[in-house]
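Peer 1:
2 protein chains.
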Amino acid sequence: MYTIGIDVGGTNLKAGLVNETFDIVATKKMPLVWESPEKFAEDLCVLATGLVEENGISREEVAYIGMGVPGVVDVKRGMIVKTVNIPIRNVPVAELIHRVWEIPVFLGNDADCAALGEFYHFEKKDIESLILVTLGTGVGTGLIFNGKIHCGINGCAGEGGHMVIVSGGDLCTCGRRGCWERYASANGLIRLTKAAMEENRQSVMWSLADGSLDKVDGRTAFNAAREGDAAAKAVVDQYLTYLAEGLTNLINLLQPEVICIGGGVSNEADEALLFPLRGKVEEMRYDKDAQVHTQIVKASLGNDAGIIGAALLGRE
Amino acid sequence: MYTIGIDVGGTNLKAGLVNETFDIVATKKMPLVWESPEKFAEDLCVLATGLVEENGISREEVAYIGMGVPGVVDVKRGMIVKTVNIPIRNVPVAELIHRVWEIPVFLGNDADCAALGEFYHFEKKDIESLILVTLGTGVGTGLIFNGKIHCGINGCAGEGGHMVIVSGGDLCTCGRRGCWERYASANGLIRLTKAAMEENRQSVMWSLADGSLDKVDGRTAFNAAREGDAAAKAVVDQYLTYLAEGLTNLINLLQPEVICIGGGVSNEADEALLFPLRGKVEEMRYDKDAQVHTQIVKASLGNDAGIIGAALLGRE
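Chains A and B, in that order, are what the protein sequence lines are.
Using my numbering, the letters of the first sequence correspond one by one to residues 1 to 316.
Using my numbering, the letters of the second sequence correspond one by one to residues 1 to 316.
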């Protein structure tokens, strides 16, 4: 049997056919065009039907469809309550798809789905808990406890990026000041980098960014640090401290077996990111002499995590 | 049937006989004198035996013994790994008790037990998740998800007091700077109060503290604020902001159904503590338009929570 995982993004719908060992065997995508709930469900059915037909699979071989949505979902009622960048509100998508294609449809938040994907693909198979921390535009967190997504009373749990670590600090899009994602996201790193460049006109970072603040990205400081630039080293160290601060908060509170670090920043070499990060967390963690510690590792699935996790929703 | 809950404190062992509706029907206590693991287990047995005999209960009517310990326990092996203020290390207490009294013995962290007690005593019986936040010398947190204690991979989860909310802030006993408990505990409130008094020699707080900083306690600022003192009002507002900051972090991350506020500070009038606190969290929370929100309430069991929760450990 197969399952279909659909990753609903802001611009595309991406579907993957996932086999029994949780691997993607085929994918298909189409642009997201929002007209109405019915049209949206129809597009999803067309996408899923196309995916199975193009790969010579019969509908009967698909156990269910799982869908990861960038926003709030009502898992029990199969409804998309609200999405972040798409005007989808209170859409009973499971029921709408079910009318066309009579198999179960499961919904999940996209960050939660990605965490579930990493959980099932983790090298050690008998783990019970995992937190995926995605360092991108913001900081996303997905929580898996006892092998299940922890989505809280209203489906909104897992907003670890909006944990304040600098009370009264930088204003966040959520309205609070000092949220972790202001400091530990790729955008946070870019802000730190630009600030350091303005104070250090001789820094190697300027040449790496072609002399323009507009060309700074999440790699600028890491690359300059590798060349020995002192200002860049300080940026990287400060960034890793902020990242470790939030990770240690998660560990002190939740003690998961594994924390996976994903997102663009996680592509940095282990020597520059993962290893010093582990060192900082080790210094900060509350229970230094516990016999078992949370493992901090790199996420392994990249952009596939969302599709695979969605395709695993029905296993919960 | 009854169960026995034992609360292992730094100076006393307190045992309670708990009935099937989770109420304490009798208690007994004795001083904690640490000589050896065997003597410790013997004392616990003497305490438990005394408790049932004094109340005319036969041993056969006791289903199990549960024990809350101020430190790290190995739930599966029934071991006290480490305690905070008592020199108890790696003691297989469940086995030692079991040799004398052949009934199951369950161990838990004391803050977790208190949370479990509040969970079972919550007025609404069908809740699934609750976090108990205890405002005392420090800030303790106990997490109940799906009706069970979340103790993490190593039994050390629930150290929410050691979540940094002010990166680089006040030095904490754990070695980090800016932990929530430095600001939101009774001690944190006392520090804020003293600092404000030193800057405001005319404040009513001075007369309430008999002119001495040594006589400041967790009520000083609240009481002076009630008399209209501006400096005291500012202290209370700042304290509640710090408290709300951490509570909102917990909500954004975990979205529990209920957060109970316990500990000495929670005895303040609702108008001074709970109501303004709810208002601040409401302003801060990430998902303002979710249909269901975490309820923030006062803990109801006081010092009994630990005994009742310990007596409930076997129900997990």
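Even for Gly, the Cβ is constructed at its ideal location relative to N, Cα and C.
Note that the structure is predicted; figures quoted are calculated from it, not measured.
1) Measure from the C-beta of E102/B to each C-beta in chain A and report whether the shortest distance is under 9 Å.
2) Mind checking who N317/A pairs with in its DSSP beta bridge?
3) Would you say K125/B faces chain A, with C-beta separation under 9 Å as the test?
4) At the level of alpha carbons, what is the spacing between A272/A and N223/A?
5) Can you grab the Cα-Cα spacing for the pair T49/B / N146/A, in whole Å?
6) Using alpha carbons as the reference points, say which of G264/B, R191/B, G9/B, W34/B lies closest to L171/B.
7) Hey, S129/A and G152/B: beta-carbon distance below 9 Å or not?
8) Identify, in the order they occur along the chain, each residue of the same chain with its Cβ nearer than 7 Å to the Cβ of F122/B, setting aside the five sequence neighbours on each side.
9) Grab the span of the beta strand (DSSP E) containing A63/B for me, first residue to last.
10) For N252/A, report the span of its alpha helix (DSSP H) as first-last.
11) Between which residues of its own chain and V94/B is the CB-CB distance below 7 Å, once the five residues before and five after are set aside?
12) Assuming V139/A contacts A184/A under a Cβ cut-off of 8 Å, what Cβ separation, rounded to an integer in Å, is found between them?
13) Roughly how many whole angstroms lie between the Cα atoms of H98/B and Y120/B?
14) For N79/A, which beta-bridge partners are listed by DSSP?
15) By the 10 Å Cβ neighbour count, where 16 or more other Cβ atoms means buried, how is P256/A classified, buried or exposed?
16) Select from the segment 272-303 of chain A all residues with a C-beta closer than 8 Å to any C-beta belonging to chain B, and list them in chain order.
17) Tell me where the beta strand (DSSP E) around T220/A begins and ends.
18) Does the pairing of the segment 31-40 of chain B with the segment 288-299 of chain A give three or more beta-carbon distances under 8 Å?
19) Tell me the start and end of each unbroken beta strand (DSSP E) in the segment 76-144 of chain A that is at least 3 residues and wholly inside, in chain order.
20) Using only the alpha-carbon positions, how far apart do I65/B and A230/A sit?
21) Which partner residues does T3/B have in the DSSP bridge list?
22) Once the 5 residues before and after E181/A are set aside, which same chain residues still bring their CB inside 6 Å of it?
23) What is the rounded straight-line gap between the Cα of E54/B and the Cα of A26/B?
24) Under 8 Å Cβ-Cβ, which residues of chain A neighbour V72/B?
25) Pull up the distance between the alpha-carbon of L254/B and that of V100/A, whole angstroms please.
26) Could you tell me the boundaries of the beta strand (DSSP E) in which V258/B lies?
27) From the DSSP output, in three-state form, read off C156/B for me.
28) Using a Cβ cut-off of 7 Å, pull out every chain B residue sitting near E257/A, in sequence order please.
29) Label N249/A either buried or exposed according to how many other C-beta atoms from any shown protein chain fall within 10 Å of its C-beta, with 16 as the threshold for buried.
30) Figure out for me which residue from I4/B, F22/B, G10/B has the closest Cα to the Cα of K28/B.
31) Span of the beta strand (DSSP E) holding K280/A?
32) State the start and end residues of the unbroken alpha helix (DSSP H) segment that holds I165/B.
33) Taking three-plus beta-carbon pairs below 8 Å as touching, is the segment 65-74 of chain A in contact with the segment 304-312 of chain A?
34) Out of V281/A, L240/A, E268/A, T241/A, state which residue places its alpha-carbon closest to the alpha-carbon of I251/A.
35) Suppose contacts are defined by Cβ-Cβ distances below 9 Å. Is V8/B in contact with T83/B by that definition?
36) Helix, strand or coil: how does DSSP classify I149/A here?
Peer 2: Looking at the coordinates:
1) Look at E102/B: its C-beta is not under 9 Å from any C-beta on chain A.
2) The structure shown does not extend to residue 317/A, since chain A spans only 1 to 316, so no value can be given for it.
3) By this cut-off, K125/B is not an interface position.
4) One C-alpha to the other measures close to 10 Å.
5) It is roughly 37 Å from the alpha-carbon of T49/B to the alpha-carbon of N146/A.
6) Distance check between L171/B and each of G264/B, R191/B, G9/B, W34/B places R191/B closest, using alpha-carbon atoms only.
7) The beta carbons of S129/A and G152/B sit closer together than 9 Å.
8) Residues of the same chain with a CB within less than 7 Å of the CB of F122/B, apart from the 5 flanking positions on each side, are L130, V258 in chain order.
9) Counting along the chain, the beta strand (DSSP E) containing A63/B begins and ends at 62-69.
10) In the DSSP assignment, N252/A falls within the alpha helix (DSSP H) that extends over 230-254.
11) In the sequence as presented, Val is not what sits at residue 94/B; that position holds Ala. For A94/B, where only same-chain residues beyond five positions count, the Cβ hits under 7 Å are G78, V105, L107.
12) Their Cβ separation, rounded to whole angstroms, is 5 Å, which keeps V139/A and A184/A in contact under 8 Å.
13) Their Cα atoms are separated by approximately 26 Å.
14) Reading off the sequence, residue 79/A comes out as Met, not Asn. Per DSSP, the beta-bridge partners of M79/A are D74/A.
15) Buried.
16) The segment 272-303 of chain A vs chain B, Cβ under 8 Å: E283, M284, Y286, D287, D289, A290, Q291, V292, H293, T294.
17) Run containing T220/A: none in the beta strand (DSSP E); it sits in the alpha helix (DSSP H), 220-226.
18) Short answer: they don't touch.
19) Residue ranges of uninterrupted beta strand (DSSP E) with 3 or more members, entirely inside the segment 76-144 of chain A and ordered along the chain, are 79-83, 89-91, 105-109, 130-135.
20) Straight-line Cα distance between these residues: approximately 60 Å.
21) According to DSSP, T3/B bridges with V18/B.
22) Excluding positions up to five away in sequence, the list reads G138, V139, G161.
23) Each residue's Cα considered, the two are about 9 Å apart.
24) Residues of chain A passing the Cβ test: D287, A290.
25) One C-alpha to the other measures close to 36 Å.
26) 258-262 is the extent of the beta strand (DSSP E) around V258/B.
27) Here C156/B sits in coil by DSSP.
28) The answer, in chain order, is I153.
29) By the neighbour-count rule (16 or more Cβ atoms within 10 Å), N249/A is buried.
30) Looking at the Cα atoms, I4/B is the closest of the given residues.
31) No beta strand (DSSP E) contains K280/A, which is instead part of the alpha helix (DSSP H) from 274-284.
32) Neither: I165/B is in no alpha helix (DSSP H) and is coded neither H nor E.
33) A contact exists between the segment 65-74 of chain A and the segment 304-312 of chain A.
34) The alpha carbon of I251/A has as its nearest neighbour, out of V281/A, L240/A, E268/A, T241/A, the alpha carbon of V281/A.
35) Yes, the pair counts as a contact, with Cβ atoms nearer than the cut-off.
36) In the structure shown, I149/A sits in a strand (DSSP, three-state: E or B).
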